[in-house]
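To start, the structure itself, in structure tokens.
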Amino acid sequence: MFESHPVPPHHWPVRVYYEDTDAAGVVYYANYLKFCERARTEWLRALGFEQQRLRDERGLVFVVHSLSADYLRSAELDDALVVESRVLEAGRAKLVFGQKILRGAQALFESKITVVCVNLSKKKPASLPDDLRALLEPLK
């Protein structure tokens, strides 16, 4: 689903707990999106950007604008998974992520998620921070 890009992917491990599963004992569908959300937060943190600090110091937050998702296989209780996150596109105010959830080499879930940088007080799109944009420059 994802092509090779100059910005390397970020990998974030996640373990499936009982609370993540549904009555059938498999990961509840919405929890795959939660795993992806957490992985994007950890991607930002790895680059030196904490969401709370962006909000408090710059008045910026990221919101999901759109997504598409393919559920390929089920994850189950106690599975060790990895969320792979790639930035596919960086615009003025948006980032498009390709995210996969893997169990070993097997893809369980694939998604394309667009997030928009928003000025919290104005409730309007805002430019990505210059220092973050500079790290994403290889995508241009």
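To convert, count from 1 in the sequence shown and add 287; that's our numbering. Beta carbons are placed, not taken as given, at the ideal position from N, Cα and C, and that holds for glycine.
- Between 356, 367, 403, which lies nearest to residue 385 when the distance is taken from Cα to Cα? Nearest of 356, 367, 403 to residue 385, Cα basis: 356.
Worksheet entry | Beta-carbon proximity list for residue 313, same chain, < 7 angstroms, skipping 5 on both sides | 361, 362, 363
Contact under 8 angstroms by Cβ, residue 381 with residue 352:
yes
If you count every other CB in all the chains shown that lies within 10 Å of the CB of residue 340, and 16 or more means buried, which is it?
exposed
#### Entry: Under the three-state DSSP convention, the category residue 322 falls into
helix
Legend entry - Cβ shell of residue 347 (< 8 angstroms), same chain only, five flanking positions each side left out: Beyond the five residues adjoining it in sequence on each side, residue 347 comes within less than 8 angstroms, by CB distance, of 341, 404, 405, 406, 407, 413, 416 in the same chain, given in chain order.
Which ranges does the beta strand (DSSP E) cover as unbroken runs of at least 3 residues, wholly within the region 326 to 397, from first to last along the chain? 347 to 358, 367 to 377, 381 to 390
Exercise. How big is the Cα-Cα spacing for residue 423 and residue 377?
Worked result: 7 angstroms
_DSSP three-state assignment for residue 295, whether helix, strand or coil_ = coil
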